[in-house]
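The structure appears below as C-alpha cells.
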C-alpha cells in the first residue's frame, strides 16, 4: 500500500530530505513491548557509519516519540517517530532541479509527480528516509530479541573483496555488534575500508553485497503463495534504496547445482528437526523451517560521484553534462546493513504478529 | 494478504494437487478487456513444457471461466478460473505422509497447519498451483499487449551453460514465443536440453537462472518506498515455487562495480529520455524510467529426485531415509518461464491500474 | 479491496446470476476447523425462505467445496466454495437490457462498467450472490460456535408491525433456529406473514428492519479508529444488497437521549464486568466489552415489483415505462436474516483471528 | 488495517490526548493538489464548536505540515500533519485510572491493551484525535471542491427537536458554512442551542442525528460487493467516536415502505439520467448514480456527565461510584459535523482516486 508496509504490523513512512521533519508511524506492536530509547539512539549512530567514509551531512538525528509509548512501553496504539531536519542546505539544489542525476530518481520523480515533487536533496527519495526506518527497526529488533530472535548483517563482498561467511552465529553476531565496518574477517575489513577510501579519493563510489542471518525464528511462519517469507522480506528489502538483488540461502548459486547437491537433508537433533545444510536459507515452501533464515542483498554503488556525467535537462529536453556537488558517500554498504536489519525486523514482526496474534510480544 | 496478491488488480489462488479443482479469482481487470481463450490454452500448453523433459502427470488443464467474462470480454467483476483435477493418483501419498521430503514443504506445512494440511502430492504447495496463475497471467499479458507492453523470459543459465542476453527485444521475443526450450542461442539450447536429459537419466535434477525483459512500460509507475517496482515484482516472483533469488538490472554484479561504471547516463532520443546503459533495469528510485524492465530469477533444482535421501519422520521424530516415487521433472526452469511471465504481468497490471485507474485497459 | 472483505480472514466473492457458477474463496480460517456440510446445506435452505413467500426461481444450490478442506476439516489454505447455476432463463433479459429498473443497479452498472457488464438477471449484483456468502458464513458460524459465540437475527419490524426484542438470548436463539419466518412473537409472525402475502397479491413489496445479537464475544476485540467493531461489521453489512441502515445498540434512539439515560453503568458479576443496560450494543470505543453485540439493519423493499414504473433507456436516453417480468420476492427480509448472520460471522472471525492469531479456531 | 483507512488514499492516525502530539499521515493525494492552510485552520476552528457550549479545554490546535507539501501543493508523497498537545492537565487522571467511566473506552482499553494503555484523558480514544482527521479532511474537501464535489452536514435532530431537510443544496450549503450551530431552520437552531445549554446547566448531555449530503459525485463509483459506497462511508463514519448509527437515503424508514413508494423512478434531464425521488441516497447496488449522496448519523450523548454514576474498579473488581471531573461537552453533535464532513471527504477521495487513478486531482 504505497508508503505503508505490513498487514499486522504496519509502518508508514513520511518526509523529505529538506522538509520540516521525517518520520514514520508503526501500528500494531504488542502492548507492553519495551521501548529502549538508548538502543534506538545507538542504531541511529550505527546508520551514520564510519566518520571518515561517510557523508559530510551531520544531522543529530534525535528521534522524538510523539505517540504510542507510555511509561517506557508500547501502548499498543500507533507509535509516531519523528526526526526534525536541521542541517538542510536547500540553496544547493534549486539551480539544477531539471537535470536528472544519473541513476538517481530525479527523472522518474518528474514522470510520476509531474513537476510537483520536492526536488531538494532527492526529496522523499533521499536515503535520509532510512533514518526513521532504522528507528522503527530498533523497536522491532528489541521486540524480536525478547523472543530469542536475532538478526545480523555483514558485508560479504565489496568490489572484488569477499568476507568469510557466518560460522558461529552468536559469536559472529556479537562481533558485528561492535563494528562500524561490519566485516567478519579482520584482514578483509581493512581491505574493504581501504578500497572505499580509495574510491573516495578518486571521486568515485563502490557497490557490494550484504549477507544477513536471522536466528531463532520459530518454524511454521509464512504463507505458501504470495506472502511467502521470501516475498515479504524481499518486498521490504527492495524498498531500501540501492538494493537491486535479493537471494535466499544459496540463491543464484542454485543455478549451477543439482538436486542431489541442493537438497537439505533433515535430521532429528534432541527433539528438534534440523537440516544438515541450509541451502534453502531456512525457508521451505515459503514457510520457516526453524533453521537460520539467510539471505544476501546486492547494493549498488552510490550514484552520486564527483565526476562529470552525461545527462539530460528533462524540462528543456536537451543533452547536458552534470557535475554533482555537495556531500556524498563513496559507499553506503557499511551503513546500509543497519537498514537491512531494520526492515527485516519489521517484516518478521509483521509475519509473527499475523501468525500468533497481536499480543505476541506482550510481556 | 496471504493467498491474495495485488491491490488494484488482485489474484486469489486456491486448490490442492489432489483436491477437486484448482483455480484463482482475478478482481479488478478493466471492463472490456478481451479474454482470449485460445491464448490461455496456449499458455497452459507452454507451462507443461517439453514432453520428453517434463513430468509424467498429464492433465488436460482445461481452464473453465466461471464468472466475470461476458461475450468474450471482461465485465469488470471478479473472474474465477477453474481447472478440474483429473489425473490424481492419491494412493501414492498416504503411506509416506509423515516423511519430510528434503527441500519440499512437507515439514513446514506440518509446522504451520499442525497436521491438518492436505499432504497428497504437496497439497496447496504443489507446483500444480502455478497452472491457474498461468491462466490468470494470460489475461494480464493480453491486456498489457493491448497497451504495447510485452514480456519475455529465457533461460540465461542452466548448470554451467549460459545463454546470450537479449539483443533485439522484438526479434528475441518473437523467437521465444515459438520455443518449448526458451534459450536464445540455438547451440546452447541443445546443450541445455542435453544437460536436463542427462539429469533425468541420472535420477537427478538441475537448477538455472531465468532472465526476463519487459518492454513498453510507461515511465513514472511505482512507489518510492515499500511498493517500489522491485518490491512488487519480487513479492510476486518469490511466490513462484523454486525461485530463490531475484535481481534487477545488473543485480549482484553491482557488488563489483564502481559508480562511474554503474550509473546509466541519460540522453534525449527523439523527444524521449533514454539511458545509454540499463544497469538499473529500467527502474530508478523504485519507479519505471521507460527503459526495458529487466530482471533475473534463480530457480532451484526440482527437489524431487530418484535418489535415496536422508530425512525424518516428523510424527515419530525419527531419522529415516526416503526414496521418492511418482512422477517428477528433472528441471522446471523451461516450464517456469511462463509462470514468471504470468506473475510479472499480474504485478504490472496491478501497478498500472493503481496508477491510471480501473479503466486503463478498457477498449 | 473491491470484492474481497477482511484482513486476517478474507472472503472473495465471484459470479453472476446467469453465468456458469457463483462462489467465493475464504482464506485464513484456522487449520482443523470442522466443516459441517450438513449445516452449510441447512443454511442454504434457510436462505431460500418460506416457499409461498419467496422467489419462484428454484435452484438446488448445492455447494461444492473445491479446495481447502481435507477429511472434513479446514486445511488452513483457501477454501473455494462453488454453486453451479442451473435454472437460468437467460432469454428473459436481453430485450430490456438498456432499461434501468428503478432502484436496481442496471444504470449504475452501465456507468461503472461502460456496457461490458453481464446484464442478465442483475449479473454480479444479483441477490443470488448472497448464496456463497451464506455458505462461507456457515463455516464461520460453526467456528464461532466452537468458541461459544452465537449469532441470531429476527425481524424487528416489517411495515408497521413490530416484533418484541430479545429477552432470553439462548431461548430466543433456539426458537429462531426453527423458524422460516424469524419473528419472536407468534402473533406478530402471523401478521408479518400475512402482510407479505398481501404485498405479493398486490404485485408490490415491503421493507423491514432486522435485529441481530451476538453473544459470547470476548471483551477487548476491535480497534479504536477505523477498524472499530462497528466499522468492520457495517462494512460487511452494507455490502448485503438492500441494507440501507445499520445501528448499534440504541442507535438512532440515542438522538433523543440524555447522557444520564444513555450511559451503561458497569457492575461486577461473579468476577466479570458487565453493564446494567446495553445501549452501546456491547461496544465501547470501537472495542467489545463482553456484553452482547447488538445491532439493527434497515432492509429496503425488493425493488422488483409487478407494477408499471417510469424509467429511462440509458442507451437511447429516452424516458420509458417498464413492467418487470419474471420471478421476484414480495419481501426479502425473512431471507436476508441468514445473510446478515453470515456476514456478521465472517467479520467477527476476521477480527478474532486478527487479534488471537491464525490458530484461534484450531481444535 | 487498524488505525489506517483507505486503499488508494490512506489516512493513518496517531496520538494520545496527553502525549507529545497527535496527527496523521495522508498518502496518495494527487500531486499538485492545492493545500490551503487557511482552510485547514478554519476547519479546526469549526471543530472547536460554539464557545459557550463546548469543552473548556482550549488548545490552539495549530496544524504543522511536516512533509508532502512543497510550494503550497501536495507533492504526491505522504503528508504528515502534526498538532502538538499543549494544554494537558495530566494530573487529573492518574488517581481514577482503574475506574471505568460508563460508556467510555476505559474498560475496553484495559481488556485490549492489558494495562499498557495511556489512560490519561482517554489516551488514543480521546475525541481529540478527531482534530488531525479534520485537518486531513480539509485537504480532501478542497480537492473534492476542485472537481465540483461538495459536502455539508446539519443537525437533523437533537432531543425532540427536528430540523428541516435540505431543500436547495447550494444555498443550504452556503448557509451551513457560516454557522457554528449547523441547523438549517433558524428557529430550531435557537431551540437546539437552548436545549444544549439546559443540559449543560443540568450537568447532563444530549445526543442527536446529523444529516449529510454530498453533491457533484460522478456516477459509476463504488463496488458491488464489500466496497460498496455505503460500506466505505460507514466504515469511515463508524470510526468517529459517538456515531452509533448510519443510514443512507430513507434508511430505517424503508422498514415501513412498500416497493412502489420506495423505488426511485428515473428520468432524462437534459442529457443526464436523474431520479425523481432519492430514497436510495444516490447509491444503487453500492455504486453512485449521480444524485446527491445522502445519509444520516446517530450521535450518542457525550458520556462524560457531571452526575454520580455506578461503575467498577476493574483492577480490584469492586463496584464503585464515579463523579467525573474536568472539562466536557454537553453535546458534541454541533462539533461532530465537521468530523463527519472530513471522514466523508477522505473516503470519497479514496474511492475516486481508486477509480480514476492517482492523478485525479492533479491540476
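Chains as they are written, first to last, in my numbering: chain A, 1 to 363; chain B, 364 to 726; chain C, 727 to 1089; chain D, 1090 to 1452.
Even for Gly, the Cβ is constructed at its ideal location relative to N, Cα and C.
Per-residue burial, residue i [other beta carbons within 10 Å of its own, 16 or more giving buried]
i	result
residue 1209 of chain D	buried
residue 1333 of chain D	buried
residue 1407 of chain D	exposed
residue 820 of chain C	exposed
residue 686 of chain B	exposed
residue 586 of chain B	buried
residue 1116 of chain D	buried
residue 350 of chain A	buried
residue 230 of chain A	buried
residue 893 of chain C	exposed
residue 998 of chain C	exposed
residue 365 of chain B	buried
residue 258 of chain A	buried
Nearest candidate by alpha-carbon position, reference residue i, set the options
i	options	result
residue 1106 of chain D	D:1207, D:1395, D:1290	D:1207
residue 448 of chain B	B:463, B:440, B:424	B:424
residue 11 of chain A	A:30, A:241, A:80, A:70	A:80
residue 704 of chain B	B:644, B:671, B:498, B:654	B:498
residue 1028 of chain C	C:833, C:925, C:809	C:925
residue 337 of chain A	A:126, A:166, A:240, A:274	A:240
residue 826 of chain C	C:1042, C:1000, C:1010	C:1042
residue 283 of chain A	B:468, B:717, B:524	B:468
residue 1387 of chain D	C:1006, C:999, C:1017	C:1006
residue 369 of chain B	B:595, B:638, B:671	B:595
CB of residue i within 7 Å of CB of residue j, strictly
i	j	result
residue 320 of chain A	residue 311 of chain A	yes
residue 693 of chain C	residue 910 of chain C	The question about residue 693 of chain C has no answer, for chain C in this structure spans 727 to 1089.
residue 589 of chain B	residue 228 of chain A	no
residue 1310 of chain D	residue 1382 of chain D	no
residue 895 of chain C	residue 941 of chain C	yes
residue 1232 of chain D	residue 1265 of chain D	no
residue 150 of chain A	residue 116 of chain A	no
residue 1014 of chain C	residue 939 of chain C	no
residue 751 of chain C	residue 828 of chain C	no
residue 1450 of chain D	residue 1119 of chain D	yes
residue 107 of chain A	residue 356 of chain A	no
residue 1111 of chain D	residue 1218 of chain D	yes
residue 1351 of chain D	residue 1026 of chain C	yes
residue 305 of chain A	residue 203 of chain A	yes
residue 809 of chain C	residue 857 of chain C	yes
Contact belief for residue i with residue j at Cβ below 8 Å, rounded distance in angstroms
i	j	result
residue 1358 of chain D	residue 1367 of chain D	The Cβ separation is near 13 Å, so there is no contact.
residue 1452 of chain D	residue 1121 of chain D	5 Å
residue 436 of chain B	residue 698 of chain B	In fact, because the Cβ distance is near 30 Å, the residues do not count as touching under 8 Å.
residue 1213 of chain D	residue 358 of chain A	Actually they do not touch by this definition, with Cβ atoms about 15 Å apart.
Worksheet item: Are at least three pairs of beta-carbons, each pair with one atom in the stretch 829-838 of chain C and one in the stretch 420-435 of chain B, less than 8 Å apart?
Response: no
Discussion item. Three or more C-beta pairs under 8 Å: does that hold for the stretch 203-221 of chain A against the stretch 152-165 of chain A?
Written reply: Yes, since at least three Cβ pairs between the stretch 203-221 of chain A and the stretch 152-165 of chain A fall closer than 8 Å, the two stretches touch.
Discussion item. Using a Cβ distance threshold of 8 Å, determine whether the stretch 607-617 of chain B contacts the stretch 235-253 of chain A, with at least three qualifying pairs required.
Written reply: Between the stretch 607-617 of chain B and the stretch 235-253 of chain A, the count of C-beta pairs closer than 8 Å reaches three or more; the two stretches touch.
Worksheet item: Should the stretch 1053-1064 of chain C be regarded as contacting the stretch 749-768 of chain C, the criterion being three or more beta carbon pairs within less than 8 Å?
Response: At 8 Å Cβ cutoff, the stretches do not touch.
Discussion item. Any contact between the stretch 913-923 of chain C and the stretch 1065-1079 of chain C? By contact I mean 3 or more CB pairs, one from each, below 8 Å.
Written reply: no
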